[in-house]
Amino acid sequence: MSIKRVVFYIFVLGSSFLTSCFSGIEPLPNKIKDLSISLSVPVGTGEFSINSAYFVGLPNINLPENVPEWAKHDTIFFTDTVPVDLSKIYEKSTTITYLAFKINVWNEYPAGCAVQVKFTDAAGDILYSFWDNKPLMIPKGDIFASGKVFRPSYKGSVVTFDQSQIETLRTAENLIFLIKIGLKNTPLWSISYFDNYKFTCQVGARVDFVLNNP
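With numbering that gives the first Met the number 0, letter number 148 in the sequence shown gets 147, and the count goes up by one each step, no holes.
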């Protein structure tokens, strides 16, 4: 092979190598304030067992005396308050360009339930209630005849905030979980296993924002 041909191949291969190394690289921002950041962060989790359930009013299901008191009511409730701190996100950004929350719910109980999730401020005033203040309906979980959990039911929901809503959470300090479980059609034999089940509600956030100057 001639020297000229060898030089030609080296030039072609070298050009291809340089092209592959530098392809796709975008110019860096001129200033740090131009830098956009995207974060996925946990916000709060509530986990509920039958020990934290409560009921309202007199019993309205006719059951034997040896069953727990909560089982004699057609509806039982759970509630929990989880502290949150979203202030760091607001303090570090000049502009939040996107804010969405992902709510994941798992239900091991063999009974359907309804979930409400709300943000409140330090005074307990509601800043935002998901799903237009309507509950998210969760199907019952599946259990074996032995009472063991076969498959928890699952439901997920993504709620995206518009620009006017984003500012409403600047003073949010608490995440409130409200759960209502209907027992009216629950098999009597399964009640003795309710101590083994739990209900989990998890909230996470996806935030895109422009970083402030240090």
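From the three backbone atoms N, C-alpha and C, an ideal C-beta is built for every residue, glycine too.
Measuring alpha carbon to alpha carbon, tell me which of the options ends up nearest residue i.
i, options, result
"Ser86", "Asn61, Thr167, Phe176 and Thr185", "Thr167"
"Tyr192", "Pro63, Lys147 and Ile125", "Lys147"
"Trp69", "Pro63, Asp79, Thr78 and Pro58", "Pro58"
"Ile215", "Ile49, Gly45 and Ser156", "A query on residue 215 cannot be resolved here, the shown segment of the chain reaching from 0 to 213 and no further."
"Lys71", "Val83, Asn61, Phe149 and Gly45", "Asn61"
"Asp194", "Glu107, Val83 and Asp79", "Glu107"
"Val202", "Pro151, Gly45 and Phe143", "Gly45"
"Val81", "Ser39, Tyr196 and Ala121", "Ala121"
Tell me the DSSP secondary structure of residue i in three-state form.
i, result
"Ile49", "helix"
"Asn65", "coil"
"Lys101", "strand"
Could you pull out every residue in the same chain whose Cβ sits closer than 6 Å to the Cβ of residue i, ignoring the five residues on either side in sequence?
i, result
"Ser35", "Val209"
"Tyr127", "Phe118 and Thr167"
"Ala113", "Pro134, Met136 and Lys179"
"Ile75", "Ala52, Phe54, Trp69 and Ile180"
"Gln115", "Pro134 and Leu177"
What does DSSP give as the partner residue(s) for residue i in the beta ladder?
i, result
"Tyr89", "None, per the DSSP bridge assignment."
"Thr199", "Glu46 and Trp105"
"Val55", "None; Val55 has no bridge partner."
"Ile95", "Phe208"
"Val40", "Ala204"
"Asp79", "Phe176"
Within 8 Å of any Cβ in chain C, is that where the Cβ of residue i sits?
i, result
"Gly146", "Annotation note: the requested chain C is absent from the structure, which comprises a single protein chain."
So, at 8 Å on beta carbons, what are the nonlocal neighbours of residue i in its own chain, with the 5 sequence-adjacent residues on each side left out?
i, result
"Gly96", "Inspection of the sequence shows that residue 96 is occupied by Thr rather than by Gly. If we look at Thr96 and ignore the five residues flanking it on each side, its Cβ neighbours are Ser35, Asp207, Phe208 and Val209."
Report all residues from its chain with a CB closer than 7 Å to the CB of residue i; omit the five preceding and five following residues, and keep chain order.
i, result
"Ala110", "Lys139, Ile180, Gly181, Leu182 and Thr185"
"Lys154", "Val104, Leu135 and Ile137"
"Ile165", "Ile95 and Leu98"
"Phe143", "Phe149"
If we require 3 or more residues per run, which beta strand (DSSP E) segments fall completely within the region 107-193?
112-119, 125-128, 135-137, 148-150, 152-160 and 173-181
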